[in-house]
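S.K.: Going by our numbering, the first residue of the sequence shown is number 23, and it counts up by one from there.
Don't be surprised by glycine CBs; every beta carbon is placed ideally from N, CA and C.
The structure displayed is predicted, hence computed values, not measured ones.
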Amino acid sequence: VMDDAASMRNILTDVVFMNAVGMRPVLVHGGGKAISRAMEQRGLEVQFVKGRRYTDQRTLTVVEHVLCNEVNGGIVSKIQSLGSSAMGLHTLSSCVLAGERLYLQEDGRKIDLGSVGKVTGVNAKLIRLLGAERTIPVLAPLARDRSGGKLNCNADTAAGEVAAALKAEKLVVVSDTHGIRSDVDDPASQISTASEAQIRSMIDDGTIAGGMLPKVEACLRALDAGVSRAHIIDGRLAHSLLLEIFTEEGVGTVIQK
23 VMDDAASMRN ILTDVVFMNA VGMRPVLVHG GGKAISRAME QRGLEVQFVK
73 GRRYTDQRTL TVVEHVLCNE VNGGIVSKIQ SLGSSAMGLH TLSSCVLAGE
123 RLYLQEDGRK IDLGSVGKVT GVNAKLIRLL GAERTIPVLA PLARDRSGGK
173 LNCNADTAAG EVAAALKAEK LVVVSDTHGI RSDVDDPASQ ISTASEAQIR
223 SMIDDGTIAG GMLPKVEACL RALDAGVSRA HIIDGRLAHS LLLEIFTEEG
273 VGTVIQK
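Written as structure tokens, this is what we have:
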């Protein structure tokens, strides 16, 4: 979605509307495709380990530049051009995410991913202060560890942690794919509403896998923390955000306890 200007404008228009009517939206973005392009332009090899970007120091420099300056700065500018106030929160300004290194396990051994992290804390107070001033917080998925080091985090996972820390009313994961389907290849099998138990069963039997898994896990994390509903929607549909929130049938999948 982030690479499509029309889709991004639609989403940000919806976010600005939500802010105008007092809903206090908080935006957490990714930028994987832009990072991969920037690395290729610099002659750096893009490596993924079990779906996570291996992040050495040179990669981290590119990741930070792309996420903070290009993507985050671009979103903040677009929101401002649509008539709302916004502030970028990231490792080059006010970082609101604390984290620690993430290691994967395989056959009992640790897999090092470099400067890849998981979010362990959120400065909810600052985010709430901005919301109270009708300023939209725009977060890049970069965290700082206890020693001040910078960590590249999965954007879906980070959004789940932010929603959990804020005890948000809703978490909406906007993607460039459909909602959850009981048969991935059958558009007619999209599930409009699912319980947490149903979703966990679909993870166990492999129906939910690949890139959908971190999105769904973020939703479950938010629900566990008291968020009442979590949605997964296709951001390529015009005004999918408003349709999902304000219409009875919605356009994606809503997960609830």
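1. Do you know how far the Cα of V37 is from the Cα of T179?
2. How big is the Cα-Cα spacing for V43 and L111?
3. Might you give, ordered along the chain, the residues of its own chain that have their beta carbon closer than 6 Å to the beta carbon of R203, omitting 5 neighbours on each side?
4. Flag this pair as yes or no: are the beta carbons of G153 and R251 separated by less than 8 Å?
5. Provide the residue(s) that pair with L173 in DSSP beta bridges, ordered along the chain.
6. On the premise that V160 lies in contact with L49, defined as a C-beta separation below 8 Å, what is that separation, rounded to the nearest angstrom?
7. Does E155 pass the burial test, meaning 16 or more other C-beta atoms within 10 Å, or should it be called exposed?
8. Name, in chain order, the residues that DSSP records as bridge partners for A252.
9. In terms of alpha-carbon separation, which member of L173, V194 and L263 lies closest to A181?
10. State buried or exposed for L82, treating a residue as buried only when at least 16 other CB atoms are found within 10 Å of its CB.
11. Kindly indicate the opening and closing residues of the alpha helix (DSSP H) around A66.
12. Does the Cβ-Cβ distance between E218 and K279 come in under 8 Å?
13. Take V184 and list the residues in its own chain whose beta-carbon comes closer than 6 Å to its own, dropping the five residues that flank it on each side.
14. Out of N174, D26 and D134, point me to the one whose CA is closest to K140's CA.
15. When you compare each of R123, G170, S107 and K189 to K147 by their alpha carbons, which one comes out closest?
16. Does the beta-carbon of D256 have 16 or more other beta-carbons within 10 angstroms, so that it is buried, or is it exposed?
17. Exposed or buried, what is G233 when buried is set at 16 or more other beta-carbons lying within 10 Å of its beta-carbon?
M.R.: Taking the geometry as given:
1. Position 157 of the sequence shown, counted from the start, is the residue given in the question as residue 179. Position 15 of the sequence shown, counted from the start, is the residue given in the question as residue 37. Going by the C-alpha atoms only, they are around 20 Å apart.
2. For the purposes of this step, residue 43 is taken as the residue at position 21 of the sequence shown. For the purposes of this step, residue 111 is taken as the residue at position 89 of the sequence shown. Going by the C-alpha atoms only, they are around 23 Å apart.
3. Stepping through the sequence shown from its first residue, residue 203 is reached at position 181. Within the same chain, R203 has close Cβ partners S211 and Q212.
4. As a first step, residue 153 must be located in the sequence shown, where it is residue number 131. As a first step, residue 251 must be located in the sequence shown, where it is residue number 229. For G153 and R251, no; Cβs fall outside 8 Å.
5. Within the sequence shown, numbered from 1, the residue matching residue 173 stands at position 151. Answer is A165.
6. In the sequence shown, the residue the question calls residue 49 occupies position 27. In the sequence shown, the residue the question calls residue 160 occupies position 138. Right, their Cβ atoms sit about 5 Å apart.
7. Counted from its first residue, the sequence shown places residue 155 at position 133. Exposed, because fewer than 16 other Cβ atoms sit within 10 Å of the Cβ of E155.
8. Taking the sequence shown and counting its residues from 1, the one referred to as residue 252 is at position 230. The partner list for A252 (beta bridge, DSSP) reads L193 and I277.
9. Translated into the one-based positions of the sequence shown, residue 181 becomes position 159. Residue V194 is the option with its Cα nearest to A181.
10. Reading the sequence shown from its first residue, position 60 is the one you call residue 82. Buried, because 16 or more other Cβ atoms sit within 10 Å of the Cβ of L82.
11. By 1-based counting over the sequence shown, the position of residue 66 is 44. As written in the sequence, residue 66 is Leu, which differs from the Ala given in the question. Note, L66: premise wrong, no alpha helix (DSSP H); not H, not E.
12. Here residue 218 refers to the residue found at position 196 when the sequence shown is read from its first residue. Here residue 279 refers to the residue found at position 257 when the sequence shown is read from its first residue. Yes, they are a contact pair.
13. Within the sequence shown, numbered from 1, the residue matching residue 184 stands at position 162. Taken in chain order, the residues that qualify are V50 and V144.
14. Here the question's residue 140 lines up with position 118 in the sequence shown. The option with the nearest alpha carbon to K140 is N174.
15. Against the sequence shown, residue 147 aligns to sequence position 125. If we check each option's Cα against that of K147, K189 comes out closest.
16. Position 234 of the sequence shown, counted from the first residue, corresponds to residue 256. With 16 or more Cβ atoms within 10 Å of its Cβ, D256 is classed as buried.
17. As a position in the sequence shown, residue 233 is number 211, starting the count at 1. So G233 ends up on the exposed side.
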